[in-house]
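Residue numbers (the numbering used here): 4 to 159.
Take a look at the structure set out below.
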């Protein structure tokens with residue numbers, strides 16, 4: 004539904020741009036203001052769509068029956084500068100590294116949804132014993148699986 008709405012809005016914008024009439028704005032409003040308002044609305048819709056898409060994707064990972072649970076310990080947090088494009092400003096990309104009892108390493112990327120669903124992630128200390136779950140079917144842009152559950156493992 005969101006994709007159809009977004010495509011429809013872009014089509015309307017393109018058609019109205021060709022005729023120099025943005026949704027037949029009142030003649031008292033300048034063309035630039037009308038254009039700014041409509042473009043702002045489209046950007047807002049697009050950002051809302053992306054947020055909803057990411058939340059839905061993470062929710063599907065949380066509800067996936069194909070969860071893999073591992074126990075081991077937290078190794079460290081990594082921070083790496085990322086640049087979204089050649090003109091864009093860089094931003095820090097945070098990831099968390101864990102190791103299971105079989106010495107396999109796992110890296111999970113940070114996200115708002117991860118922190119919201121796993122508040123323990125903000126308090127992790129190196130070598131802290133934890134159990135973590137992830138769904139290998141759902142990955143982020145760096146092909147890391149999404150961390151779906153994190154809990155202390157003091158008995159380990």
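We put the CB at the ideal spot given by N, CA and C, even for glycine.
Residue burial classification, residue i (beta-carbon count within 10 angstroms, cutoff 16)
i: residue 25; result: Low per-residue confidence applies at residue 25: pLDDT is 48, beneath 50, and the placement is therefore not dependable, though the value from the model is reported in the following sentence. Classification of residue 25: buried, given that the 10 Å Cβ count is 16 or more.
i: residue 46; result: exposed
i: residue 1; result: Residue 1 falls outside the range modelled here, since the chain spans only 4 to 159, and no answer is possible.
i: residue 64; result: buried
i: residue 153; result: buried
i: residue 36; result: exposed
i: residue 121; result: buried
i: residue 108; result: exposed
i: residue 162; result: In the structure as shown, the chain starts at 4 and stops at 159, and residue 162 therefore has no counterpart that could be examined.
Close-in-space but distant-in-sequence residues of the same chain around residue i (CB under 8 angstroms, 5 per side omitted)
i: residue 139; result: 69, 71 and 148
i: residue 67; result: 138, 140, 141 and 151
6 angstroms Cβ shell around residue i - same chain, five flanking residues per side excluded
i: residue 97; result: 82 and 113
i: residue 136; result: 70, 72, 151 and 152
Beta strand (DSSP E) segment containing residue i, residue limits
i: residue 153; result: 148 to 155
Residue i vs residue j beta-carbon contact at 7 angstroms
i: residue 110; j: residue 118; result: no
i: residue 44; j: residue 77; result: no
i: residue 133; j: residue 156; result: yes
i: residue 79; j: residue 100; result: yes
Extent of the continuous alpha helix (DSSP H) to which residue i belongs
i: residue 119; result: 115 to 120
Residue(s) in a DSSP beta bridge with residue i
i: residue 108; result: 102
i: residue 142; result: 148
i: residue 84; result: 95
i: residue 72; result: 136
i: residue 79; result: 100
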